[in-house]
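One structure is given below, encoded as structure tokens.
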Amino acid sequence: MNVRDSALAALVAAIWGFNFVVIDWGMADVPPLLFVAIRFTAVMVPAIYFIARPRAPWRTIVGVGCFMSLGQFGFLYLSMAAGMPPGLAALVLQAQVVFTIVIAAGVLREVPTAAQVAGVVLGVVGLVVVGTGRGGHVPAVALGLCLLGALSWGIGNVVARAARVSGGLSLTVWSALVVPVPMVVLSLLVDGPTVVASALAGFSWQAAVSTAYTAGLASLVGYGIFNGLLARWPSSAVVPWILLAPVVAMASAWALLDQRPNAAEAGGGVLLLVGVLIALRPAGGIRRRPAPAEAEVIEEAALS
């Protein structure tokens, strides 16, 4: 990529990486499931009035919304509320690449390449190192919830790929329809009407800024830039920039929240990211623009 587009890719990775710290900061006084509902309401409104519905059946839109938005971010926000540090959350979510390759092999009969198999194995080893080296400060349930978020993301990637839908931004906006009502209902059941009402009545400026950042800057603006990069360059040139997001997240959490990763977390994280990078390596090194279905999966997978 040229210098300008490389800078744009780095900017998007930085926006997405800092996103995790912003989520953690804004969720202090808002129940996690309610916060997810508010975020995706902001993703959907007013954009849904200006962006045409994707050319896809409703079952595809609902499927993407359930797994890529509702499931991924529901588990992520619950994980962070349960004690998962923002930097480590950004890192563990990259396991979605491993899950996507494995699920696509089983469901879509997409036989993984030798590089993808090696990347998956290395990524799993990295996750094991991270899991066993939590140092006692990350609850096992928080790590498990984050992995469930990555699994849901991976399933959503396969749903989008199988449907071969074009127009990633419209799918993101319209699939957000699935999220708010179930999240509000679950929050009422889990947290109780009193807590939900109190959180809405006392919705702080920090929560409002966090929502504006996650919905507007991270989802819509960041996605728009990334979508444009995928239209101009091969996926192999663009996607590896996503790996900067966990680095930014961990550095931001260290600098602003004093959340310093231990040796096992850092070492396991390096193994995971190297595994992801190997798995993303194009077969044969052929430079090409991504096919519509491939671009769709990559674009949606970038929306952390």
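Mapping of the sequence shown onto the UniProt record's numbering: position 43 corresponds to residue 43, and the numbering continues sequentially without gaps.
From the three backbone atoms N, C-alpha and C, an ideal C-beta is built for every residue, glycine too.
DSSP three-state assignment for Val-111, whether helix, strand or coil: coil
Exposed unless 16 or more other CB atoms sit within 10 angstroms - verdict on Ile-2: Looking at the sequence itself, residue 2 is Asn, so the reference to Ile does not match. Exposed, by the Cβ-count rule.
Closest by C-alpha distance to Val-138, when choosing among Phe-99, Pro-85, Glu-110 and Gln-72: Pro-85
Contact belief for Thr-211 with Gly-154 at Cβ below 8 Å, rounded distance in angstroms: In fact, because the Cβ distance is near 26 Å, the residues do not count as touching under 8 Å.
Cα-Cα separation, Ala-199 to Val-30: 5 Å
Spatial neighbours of Ser-252 in its chain, beta-carbon cut-off 6 Å, leaving aside the 5 residues before and after: Phe-18 and Val-21
4-residue-minimum alpha helix (DSSP H) runs that sit fully inside the UniProt domain "EamA" (144-280), ordered along the chain: 168-175, 180-191, 193-201, 205-211, 222-232, 235-238, 244-257 and 263-279
Exposed unless 16 or more other CB atoms sit within 10 angstroms - verdict on Glu-204: It is Ser, not Glu, that sits at residue 204 in the sequence shown. So Ser-204 ends up on the exposed side.
Test item: CB-CB of Ile-278 and Ala-118 under 7 Å: yes
Neighbourhood of Gly-74 by C-beta distance below 6 Å, restricted to the same chain and skipping five residues each side: Val-36
Gly-83 - DSSP class collapsed to helix/strand/coil: coil
Between the CA atoms of Ile-15 and Ala-176 - distance to the nearest angstrom: 20 Å
Burial state of Trp-174 (16 or more Cβ within 10 Å): buried
Limits of the unbroken alpha helix (DSSP H) element including Ala-37: 32-44
Environment of Phe-40 [buried if 16+ CB atoms lie within 10 Å]: buried
Reduced DSSP category for Ala-10 - H, G, I as helix; E, B as strand; rest coil: helix
Cβ-Cβ separation, Leu-34 to residue 312 (assumed contact under 8 Å), whole Å: What the structure shows of the chain is the stretch from 1 to 304, and residue 312 is not part of that stretch, so it cannot be assessed.
C-alpha gap between Ser-170 and Gly-71, whole angstroms: 19 Å
Distance, Arg-53 Cα to Met-68 Cα: 17 Å
Whole-Å CB distance - Trp-241 paired with Ala-13, under 8 Å assumed: 5 Å
7 Å Cβ cutoff met for Val-158 and Ala-104: yes
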